[in-house]
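Undergrad: I have a structure I would like to understand better, so I am pasting it below and will then ask my questions one at a time.
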Amino acid sequence: MELDPSAVDSETINTIFRAAHSIKGGSATFGFSIVADFTHVLETLLDEIRSDIRVIRRDDVDLFLQSVDCLRELLSALQQESTPDSAESNRLRESFEAILAIDPQAASAGDNAIEPDPTIEQQPDPVDSSIDGPWHIHFCPGPDILRTGNEPLRILRELEELGRITVTPIVDQIPDYSALDPEACYIGFDIIFRDRIAKDRLDEVFEWVVDESDLSIVLACHKSDIDNTSVAAQSAAGDAWKIYFKPCEDVLRTGNEPLRIFRELVELGNLSVVASVADLPGWSALNPESCYLRWDLDLVAETEKSKIDEAFEWVVDESELSIQQEESASADSVSTETSNQMVDQMDDATASSKLAASVAVSENAAVTPEAENVISAPPAANAPVASAETKAVAKKQSATETTSIRVGIDKVDTLINMVGELVITQSMLGQLGDDFEMEYLPKLREGLSQLEQNTRELQESVMRIRMLPISFAFSRFPRMVRDLSQRLDKKIELKLIGEQTELDKTVMEKIGDPLVHLVRNALDHGIEQPDERVQSGKSETGLITLNAYHQGGNVVIEITDDGKGLDRDRIVKKAVESGLVQASDAPSLSNEQIYDMIFQPGFSTAQEVSDVSGRGVGMDVVRRNIQALNGSVEISSTSGKGSRITIRLPLTLAILDGQLVRVGSHTYIFPLVSIVESLQSKDERVSRVAGGCDVFKLRDEYVPIIRLHELFNISADAKSLDDALVVVVEYEGEKVGVVVDDLQAQQQVVIKSLEQNYQRVEGVSGATILGDGTVALILDIPGLVKLAGINHQQTNVISLAGSHQPLQSIA
Amino acid sequence: MQTVTATSADSSENMADGSITTMDDSNQYLTFIMANEEYGVDILCVQEIRGWESATPIPNAPPNIKGVINLRGTIVPIVDLRQCFGMEAIEYTSVTVVIVLKVKTEKGSRVVGIVVDAVSDVYNLTPEDMKAPPDLGDSVSTDYIRGLVNVEEKMVILLEIDKLLNMDELPDLSEVSSKLMEVAGQ
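Read top to bottom, the protein sequences are chains A and B. Okay, so the first sequence: first residue is 1 according to the working numbering, each after it adds one. Okay, so the second sequence: first residue is 1001 according to the working numbering, each after it adds one.
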């Protein structure tokens, strides 16, 4: 929904419109009437925007977004085969209907409200003299029409293609259920064709049925003629009652349902209902539980007033109600009025026709298929409908099969190519092996190196299958930023760069939440209020940039905002308060160390906790999540200019750059990212401090050391540190030295789970299979640190106790 | 004395066919030897039998976990059943056998290898052939034993492998086996 109220792009609206239309079409096809009804209203509004009748406003966009949410819920409810909760959709529908009813009049304030809208909208168009409209078509097919192979619905569909139509079924001819002939057609249609068109075209549509049907096509302004006749015919059958019914706002809360009343009235006779929505308040003031509608009802029935009174019995006290019997003689005027209202109805669009339809539907279930046609359908061509329907189906599938991934055909093709090459290399090597002589040795070497290359390429492209563009994770942000900025009254522009950067699917799934949190932070804490921004000489609109790119074997995601930046003093103050750092040490700390503190659990500088952020939980979790992915996160910030958070992630979770080390006869693997340096140790550089922990002097730092063989209870070659190597690894900004016997190769290793068949092992994050088929364990640095009993408080103590130099690291 | 048919691997397939109609409640058990005692496991749990190859030890694991091996790309832990049953550990030789079992757990199934002295036979047993494990006193749980069977005057202990290897920590069965021996000796 990249819809900006300031710049309405007709193409965008068209896209949304088509989507809405396809949802409607699809859901109606499968009988999800709730979805179809709802989308229909949405579509009507979009249609008006599309045809430039209405200027889109911010409220509308909000409403659209809400409706998207609502639709999504409806769809998921349907997918779970449960009954969707229609309350929300009804509420939204009401508000849509409200907008539909109110706005065109507001927009064309100078125009007479009774004047039919189509004329207004058509005025700018060059009008062909032979083309006229709107048309009122009265179409009552003969009962045998279905047997002749003609299908009224097809005719309606054709009409729909020609222009926008409003169809009201005439169902008073439907006999009792017992007398009903299922093959006969008892339904008539009152069609209002809202666009201008030559009468010939309309006649053409009805060409095949005109002989067997009661058909009249007249200009809408003349249509009182037929209405006269039809109503006169009806009024011969009974008296005409005119009822004005305006329930109080609380009527729905008292358990009364206007629709129920109408249904009762329908049982009495032929009822036509016109709802007026003039009293509907704005969307913001609307109380979803209140009733703002009033109704004008025309009842043609052989009945007594008492019967009508009875229907209103429960609401008469709380409503404005007037029931008058029309003189039969005045049937003409009634019907003329009705016809006027019918035209008026076109303004009110669905609000009234919907009601009429729902009443009609409740009257006889046989009409249900036609109810779908009670729409003012746009001149949508068939093609988009068809394609849209398939789109809707495709969407459904992707939603249900959540565990599958879509792979671009190009990726699969490359894969097939490589497998082909592999087969060729294999057969070449096979031939060599059949009758091998020493002179073939260079050839064999060549073949093997080719095999190696093939394997590596194959591995890379197989890994690429799991890669998805990061736009999957980014796509939720425009909406989120929009919603949040409105809630916080800030103006924010979101810029997404590098959306096509590919990232492993698993990583993507896990990075989503941390990203949301960081963006939310940038919105809430980073970007200032507009007036504050203007004061500090920045543009009113804040800018948040999400940038993703590849760097080495990593994916880097940067979240940049041009807000006020981190407040060093406040962080320091808070850190001193919470005892993370001594007040005396604070000035000597680098910015980086200070900013790093916001990742501490429970650390928040927010003055108050808002519903958006401020509890101090988030950043801790963010860093934990990112570290769980073998990634890192860092912050840089300039006061007043904004801050930037950089996340580094490995491309994939399945493969790791590893450093093989040997301890005794065992091989272990360090993740290469965690290694800072490896060096030869000297016994004299190690000192034992209180608490039983050895520290190693690394230039001007003291680093606690872990003896891997002690930790794992294995025997090592090196008896003293003089013969051993120290691998310095970093964990949460803290350096730890691990003593090993030897460094071996660096290689990419495929991570295999130990937990799958065994259980979690402290200090080990997984296993891998080496070139010779044996299993090697991958070391888990945080686990090792925990296992060795070195925790951060202790190291802090150590560095303070050492007191040889200022505090180097706080974490 | 129960009638027990010992079948060779070849005939076991025929038995499987026939079992649909005639022996619907009989199960096949693979038996193996440890310290001259014969133990049996449900043959449907057995994934494969392979020779011993060196495993990568897991740091700080209990002594009866010999380590993990690479079984065609999956990491499979190897359990020394001798040590589980409190028997003396013996030197592994080329004839030492690893039985790879598929164990059902709440979370699905896991694959575990057990080291035994040798694989013995496949028996076709019905529930009637089985005797419930004797009461060995409160201190010893017999949860891991499905039953006892006498085959040709020899006692075979049928193991409830899903329970035995399901535990996050393998049970110490040394008492069980020694008490069973006592019972058998009586």
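Beta carbons are placed, not taken as given, at the ideal position from N, Cα and C, and that holds for glycine.
(1) Evaluate contact between the region 716-724 of chain A and the region 756-771 of chain A, counting only Cβ atoms and requiring at least three cross-stretch pairs below 8 Å.
(2) Quick check: the Cα distance between B:Val1119 and B:Glu1153, rounded to an integer number of angstroms?
(3) Is there a C-beta anywhere in chain A that falls below 7 Å from the one on B:Ile1058?
(4) If you run the structure through DSSP and keep just helix, strand and coil, what is B:Pro1134?
(5) Would you list, in chain order, the members of the region 1078-1111 of chain B that have their beta-carbon closer than 8 Å to a beta-carbon of chain A?
(6) Whether or not the region 1051-1061 of chain B and the region 772-787 of chain A are in contact is what I'm after, with contact meaning three or more pairs of Cβ atoms, one per stretch, closer than 8 Å; do they touch?
(7) Taking Cβ-Cβ distances shorter than 9 Å, what residues in chain B pair up with A:Tyr758?
(8) Leaving aside the five residues before and after A:Ala583 along the sequence, list all residues of the same chain whose C-beta is less than 7 Å from its C-beta, in chain order.
(9) Using the DSSP secondary-structure output, state which residues sit across from A:Tyr838 in a beta bridge.
(10) Apart from the five residues just before and just after A:Ala399, which ones in its own chain have a Cβ nearer than 6 Å to its Cβ?
(11) Measuring only between beta-carbons, confirm whether A:Leu754 sits less than 7 Å from chain B.
(12) Output the distance between the C-alpha atoms of A:Arg688 and A:Lys682, rounded to the nearest integer angstrom.
(13) Can you give the Cα-Cα distance for A:Val218 and A:Ile137, rounded to whole angstroms?
(14) CA-CA distance, A:Val581 and A:Glu734?
(15) Do A:Val740 and A:Val663 have their beta-carbon atoms positioned less than 7 Å apart in this structure?
(16) How many Å lie between A:Ile145 and A:Ser272 at the Cα?
(17) Step through the CB atoms of chain B and report whether any lies within less than 7 Å of the CB of A:Phe712.
(18) Could you tell me which of A:Phe474, A:Leu566, A:Leu299, A:Glu540 sits nearest to A:Thr638, measuring between CA atoms?
(19) How many angstroms separate the CA atom of A:Val374 from the CA atom of A:Ile511?
(20) Answer with yes or no whether the minimum CB distance from A:Ile409 to chain B is below 7 Å.
(21) Return no unless some Cβ of chain B is closer than 7 Å to the Cβ of A:Gly579.
(22) For the region 493-512 of chain A against the region 544-559 of chain A, are there 3 or more C-beta pairs whose distance is under 8 Å?
(23) Is there a Cβ from chain B that is less than 7 Å from the Cβ of A:Val761?
(24) What three-state label does DSSP hand A:Pro469 in the structure shown?
(25) Select from the region 764-777 of chain A all residues with a C-beta closer than 8 Å to any C-beta belonging to chain B, and list them in chain order.
(26) Are the CB atoms of A:Ile527 and A:Asp483 nearer to each other than 7 Å?
(27) So, at 6 Å on beta carbons, what are the nonlocal neighbours of B:Gly1073 in its own chain, with the 5 sequence-adjacent residues on each side left out?
(28) Between which residues of its own chain and B:Lys1163 is the CB-CB distance below 8 Å, once the five residues before and five after are set aside?
(29) Taking contact to mean 3 or more Cβ pairs, one atom from each stretch, closer than 8 Å, check whether the region 438-454 of chain A and the region 403-414 of chain A are in contact.
(30) Among the residues of its own chain, which have a CB less than 6 Å from the CB of A:Met342, if the five just before and after it don't count?
(31) Under DSSP, the beta strand (DSSP E) around B:Met1155 begins and ends at which residues?
(32) Starting from the Cα of A:Val209, find the closest Cα among A:Pro143, A:Asn270, A:Val171 and give me that residue.
(33) What are the boundary residues of the alpha helix (DSSP H) that includes A:Ala575?
(34) Give me the DSSP bridge partner(s) of A:Arg688.
(35) Assuming A:Val736 and A:Val673 are in contact, meaning their beta carbons sit under 8 Å apart, how far apart are those beta carbons, in whole angstroms?
(36) Run through DSSP, which three-state label would A:Glu457 get?
TA: In terms of the structure at hand:
(1) Segments in contact, no.
(2) Spanning the alpha carbons of B:Val1119 and B:Glu1153 requires a straight line of approximately 19 Å.
(3) Taking Cβ atoms only, chain A reaches closer than 7 Å to B:Ile1058, which makes this a yes.
(4) In the structure shown, B:Pro1134 adopts coil according to DSSP, grouped into three states.
(5) Within the region 1078-1111 of chain B, the residues whose Cβ lies closer than 8 Å to some Cβ of chain A are Arg1110, Val1111, listed in chain order.
(6) Taking one beta carbon from each stretch, the region 772-787 of chain A and the region 1051-1061 of chain B have 3 or more pairs nearer than 8 Å; the two touch.
(7) Near A:Tyr758 (Cβ distances below 9 Å), the residues of chain B are Ile1058, Ala1061, Ile1065, Val1068, Ile1075, Val1076, Pro1077, Arg1110, Val1112.
(8) Val576.
(9) The displayed coordinates of chain A run from 1 to 811. Any statement about residue 838 of chain A would go beyond what the structure contains.
(10) Reliability of the predicted coordinates at A:Ala399 is poor, the pLDDT of 44 falling under 50, and no value is obtained from them.
(11) Yes, A:Leu754 lies at the interface with chain B (some Cβ there is under 7 Å from its Cβ).
(12) Between A:Arg688 and A:Lys682, the C-alpha separation is close to 14 Å.
(13) Rounded to whole angstroms, A:Val218 and A:Ile137 show a C-alpha spacing of 6 Å.
(14) Whole-angstrom Cα-Cα distance: 15 Å.
(15) Yes. Within cutoff.
(16) Computed Cα separation, rounded: 26 Å.
(17) Yes, A:Phe712 counts as interfacial toward chain B.
(18) A:Thr638 has its Cα closest to that of A:Leu566, out of A:Phe474, A:Leu566, A:Leu299, A:Glu540.
(19) For A:Val374, the predicted model reports a pLDDT of 37, less than 50, meaning its position is unreliable and no value from the coordinates is stated.
(20) For A:Ile409, the answer is no, since every Cβ of chain B falls outside 7 Å of its Cβ.
(21) A:Gly579 has a beta carbon lying at 7 Å or more from every beta carbon in chain B.
(22) They touch, by the three-pair rule.
(23) Yes, because at least one Cβ of chain B sits closer than 7 Å to the Cβ of A:Val761.
(24) Strand at A:Pro469.
(25) Of all residues in the region 764-777 of chain A, Val764, Ala767, Ile769, Gly773, Thr774, Val775, Ala776, Leu777 have a Cβ within less than 8 Å of some Cβ in chain B.
(26) In this structure, A:Ile527 sits away from A:Asp483, with a CB-CB distance that is not shorter than 7 Å.
(27) Result list for B:Gly1073: empty, nothing under 6 Å.
(28) Sequence-distant partners of B:Lys1163 (beyond 5 residues in either direction) whose C-beta falls short of 8 Å from its own C-beta, in its chain, are Asp1143, Tyr1144.
(29) No, they do not touch.
(30) Any reading at A:Met342 needs caution, since the residue's pLDDT is 45, under 50, leaving its predicted position unreliable; the model's value is listed next. Contacts found: none.
(31) Unbroken beta strand (DSSP E) run through B:Met1155: 1154-1159.
(32) When C-alpha distances from A:Val209 are compared across A:Pro143, A:Asn270, A:Val171, the shortest belongs to A:Pro143.
(33) Taken as a continuous stretch (DSSP letters only), the alpha helix (DSSP H) holding A:Ala575 covers 568-577.
(34) Secondary-structure assignment with DSSP links A:Arg688 through a beta bridge to A:Asp694.
(35) That pair is no contact at about 14 Å.
(36) It is helical.
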